[in-house]
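A.B. asks: Quick note on numbering: the sequence shown equals residues 352 to 504 in our numbering. Handing you this structure, nothing more for now.
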Amino acid sequence: MRRSCVIAAVIAAVGIGSTFEAAAQQRKPEDNIKMRKAAFTVMSWNFGVLAAMAKGQRPYDQAEAVKRAETVSLVSHLPFEGFPKGSESGLDTRALPEVWSNPDKFKTNQERLQAETAKLVQAAKSGDAGQLKSQVGATAKACSNCHEDFRRK
Ligand code: HEC
């Protein structure tokens, strides 16, 4: 009894890194789908505030714009971990098969999003409402470009 406890403790201590790694690789398809949809939802929630400012539906507020842009930029890196092979189905999803059949193009769209959202942070920090507005437009194009090819209508 005692001996097996010690062995279990040693295995736990030595195996901890690889255990986490294995857990990451063995996520269920539905967990991946849930995560990526949640990340897109959070990104969209925050981007919506900037879009409202750009359209004049919400007063321009630089501090608020910086906060939202930084969140959008950070979150733009999160959904893409949720598209491993095998997560094509398993829960309600609008991801098209092209995500997995054309991974290079999907990746290019992902990098474009991340580049545009980084510029969004700079535009918000500039304090220039016009610059923010035009960068909101450029970012929205990166969203719709990818949705066009990789998201079901
Ligand atoms: C690289 C491709 C790509 C880019 C860029 C992208 N999306 Fe998406 N988006 C997707 C895919 C694929 C889905 C479908 C995910 C699913 O249903 O599994 C999706 C889903 C969504 C959803 C629905 C989430 C849900 O709960 O069903 C929203 C909202 C969304 N995206 C907003 C955005 C916004 C806003 C941007 C830009 C700031 C953006 N996306 C940029 C590929 C992208």
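For every residue, glycine included, the Cβ atom is placed at its ideal position computed from N, Cα and C.
#1: Any heavy atom of the ligand HEC closer than 8 Å to the Cβ of Pro454?
#2: Which residues, in chain order, sit with a beta-carbon under 6 Å away from any heavy atom of the ligand HEC?
#3: Measure the alpha-carbon distance for Val426 versus Met394 and round it to whole angstroms.
#4: In chain order, what residues of the same chain have a beta carbon less than 6 Å from the beta carbon of Gln413, not counting five sequence neighbours either side?
#5: Give me whichever residues DSSP pairs with Ala446 in a beta bridge.
#6: What does the alpha-carbon distance come out to for the pair Arg378 and Thr490?
#7: Can you have a look at Leu442 and say buried or exposed, based on whether 16 or more other CB atoms are within 10 angstroms of its CB?
#8: Starting from Asn397, trace the alpha helix (DSSP H) both ways and give me its first and last residue.
#9: Return helix, strand or coil for Gln377, following the three-state DSSP convention.
#10: Alpha carbon to alpha carbon, what distance is there between Ser452 and Val417?
#11: Just how far apart, CA to CA, sit Ala402 and Ala466?
C.D. replies: To lay it out plainly:
#1: No, since every heavy atom of the ligand HEC falls outside the 8 Å radius drawn around the Cβ of Pro454.
#2: Look at which beta carbons fall closer than 6 Å to any heavy atom of the ligand HEC; those residues are Ile384, Arg387, Lys388, Phe391, Thr392, Met394, Ser395, Phe398, Thr444, Arg445, Ala446, Val450, Phe457, Asn460, Gln461, Leu464, Thr490, Ala493, Cys494, Cys497, His498, Phe501 and Arg502.
#3: So the alpha carbons of these two residues sit roughly 6 Å apart.
#4: Taken in chain order, the residues that qualify are Gly478.
#5: Bridge pairing for Ala446: Arg502 [DSSP].
#6: Between Arg378 and Thr490, the C-alpha separation is close to 30 Å.
#7: It counts as exposed.
#8: Asn397 -> alpha helix (DSSP H) spans Pro380 to Ala405.
#9: In the structure shown, Gln377 sits in coil (DSSP, three-state: anything other than H, G, I, E or B).
#10: Approximately 36 Å, taken between the alpha carbons.
#11: Approximately 18 Å between the Cα atoms of the pair.
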